[in-house]
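Notes to accompany the following structure.
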């Protein structure tokens, strides 16, 4: 098996409007790993994701995806991307869920795509995976945020990606939806899919991810969640935090006495609490 | 045979109207979806500069217009995509600067004449056989181009980043769309007039958006509405002796009103 890392960053920096958004980040994400990027708002997480995907050109450093410099990367079929929000998702944009998902099949110039209907068996299959089969003919802009997010996840999954990149996939999703998404990600990881997500849900990340990358303009740490210390989180967020684990029992106590472990926090929305 | 079909200029106008009615919303669909509807209006004002230059230097105005509009479309797209200026500011600067330049050129060429007024407000009398051949050629080109690149155009309109990560060359798709919009506006303005051509690019698209959830169906509906508006408007213009461009736009607006009422009724009943 090819042991080239899925994603490799070397000393990557990017300055936005005179301020460093990402500074000197070196990061290696192995194939099959589940890496979560965590950090406070404005810490450069989304910028880093866009640099990895080639949407932003860094000022310095090198980005390689599956061993290829991202500027020369052409094998986009191997990557599934779920943005936090798509600009075309609004009530006046006439596009059905199945059309959005079918667009995920794109793999290069195909002049007869116009005549292909957006409801093939593969579309139905991925919509069932994300529990959206009943919404396939609905206009995506008229659905709830969580449903829109699931449709975008289905769009990414139809590509059968080797690398799945998600920008805050559970933003706007209820607790049950979040649990279902993580269950799906566990299945994908078991199939060997490399997963890279941005998340504010530190509790779920500690539970689910194989490695955690703490970003605050620079990469503060990149390690398995068990090795993440309370000091790391204080350095990351700038104040003492407690991690709320919810939905499932978990034995991990990364934060000593401050770590909260129980099921009663199902309804708690903020996952990082200031003391 | 109805009186309208006994005049050669009306047959040319109807054929031209059908072609423009089909073409304008095809490109308009992708402009409106990007919330870039005013591009057509801006390019139409640039077209006025092209017409004025054509008259001033005594060259076939359609040619000078096409050159002016294409250059403007490409420059605006480059400025917009590189984020040098906000999209609406780019449109405003292009609109006012081209209008100002057109006024200066027209003044230097000793003011308006009848032909120039025809370009401004549209004239079914001025459509030549050459115009029709150019329109037909453009129609074939646009239909093939849009059908071939429908997925690319749709994805680039839906979300720029998603399209890029799917491997779509979004910059080239946007540039191609801008050039096709420039060509369509150049030829459509002979019938619609510089001041109204943007309406046929935008209004039928809004009808299509309102009556269906599917992008593919909305695209086809918009084109059918454009054709219906053109033929009905020209027919009314012929019998009521009113400008064709104005009649076409008013028919399209009426259809938009009907579609909005129908959508509201459908929502209430569901």
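Chains as they are written, first to last, in my numbering: chain A, 346 to 620; chain B, 209 to 478.
Idealized CB from N, CA, C, for every residue including glycine.
Predicted model only: the values in this text are computed from it and were never measured.
* **Cutoff 7 Å: residue 375(B) Cβ touching any chain A Cβ** => Interface residue, yes.
* Spell out the partners DSSP gives residue 511(A) in its beta bridges. => DSSP, once it has assigned bridges, lists 427(A) and 542(A) as partnering residue 511(A).
* Asked: Can you tell me the Cα-Cα spacing of residue 543(A) and residue 302(B), whole angstroms?
  -> Near 40 Å, if we compare the C-alpha coordinates of residue 302(B) and residue 543(A).
* Asked: At what residues does the beta strand (DSSP E) containing residue 315(B) begin and finish?
  -> Per DSSP, residue 315(B) belongs to no beta strand (DSSP E); it is in the alpha helix (DSSP H), 295-316.
* For the beta strand (DSSP E) holding residue 356(A), just list the boundary residues, first then last. => Bounds of the beta strand (DSSP E) holding residue 356(A) are 352-361.
* Quick one: what's residue 372(A) bridged to in DSSP? -> 354(A), per the DSSP bridge assignment.
* Write down the C-beta distance between residue 463(B) and residue 415(B) rounded to the nearest angstrom, noting that I regard them as a contact closer than 8 Å. => Contact between residue 463(B) and residue 415(B) holds, since their C-beta atoms are separated by about 5 Å, short of 8 Å.
* To do: Enumerate in chain order the residues of its own chain whose CB-to-CB distance from residue 468(B) is below 8 Å, with the five nearest sequence positions on each side excluded.
  => Excluding sequence neighbours, residue 468(B) sits near 418.
* residue 229(B) - containing alpha helix (DSSP H), residue span -> From DSSP, the alpha helix (DSSP H) with residue 229(B) extends over 216-241.
* At least one CB of chain A closer than 7 Å to the CB of residue 420(B): is that the case? -> Chain A contact via Cβ: present.
* Which of helix, strand or coil DSSP assigns to residue 364(A) -> In the structure shown, residue 364(A) sits in a strand (DSSP, three-state: E or B).
* To do: Might you give, ordered along the chain, the residues of its own chain that have their beta carbon closer than 7 Å to the beta carbon of residue 345(B), omitting 5 neighbours on each side?
  => Cβ neighbours of residue 345(B) beyond the five flanking positions: none.
* Rounded Cβ spacing between residue 274(B) and residue 391(B) (contact assumed at less than 8 Å) -> Rounded to the nearest angstrom, the Cβ distance from residue 274(B) to residue 391(B) is 6 Å, consistent with a contact under 8 Å.
* Can you give the Cα-Cα distance for residue 434(B) and residue 283(B), rounded to whole angstroms? -> Looking at the backbone, the Cα of residue 434(B) and that of residue 283(B) are separated by about 28 Å.
* Asked: At which residue ranges does the stretch 266-290 of chain B contain complete alpha helix (DSSP H) runs of 4 or more residues, listed in the order of the chain?
  -> Taken in chain order, the complete alpha helix (DSSP H) segments of 4 or more residues contained in the stretch 266-290 of chain B are 269-289.
* To do: Check the Cβ of residue 448(A) against every Cβ in chain B and list those closer than 9 Å, keeping chain order.
  => Per Cβ cutoff of 9 Å: 359, 362, 363, 366, 370, 371 and 374.
* Along chain A, in chain order, which residues have C-beta atoms closer than 9 Å to that of residue 246(B)? -> Annotation: residue 246(B) has no Cβ neighbours in chain A at a cutoff of 9 Å; minimum Cβ distance is about 16 Å.
* Asked: Could you give the C-beta distance for residue 494(A) and residue 471(A), rounded to a whole number, given that I count them as a contact under 8 Å?
  -> The C-beta distance from residue 494(A) to residue 471(A) rounds to 14 Å, too long to meet the 8 Å contact threshold.
* What are the start and end residues of the alpha helix (DSSP H) that includes residue 382(B)? -> Residue 382(B) -> alpha helix (DSSP H) spans 378-400.
* CA-CA distance, residue 395(A) and residue 496(A)? -> Whole-angstrom Cα-Cα distance: 21 Å.
* **Alpha carbon of residue 386(B) to alpha carbon of residue 367(B), nearest angstrom** => Taking the straight line from one Cα to the other gives about 17 Å.
* **Helix, strand or coil at residue 599(A) [DSSP, three-state]** => Reliability fails at residue 599(A), whose pLDDT of 38 lies under 50, so the model's placement of it is uncertain and no value is given.
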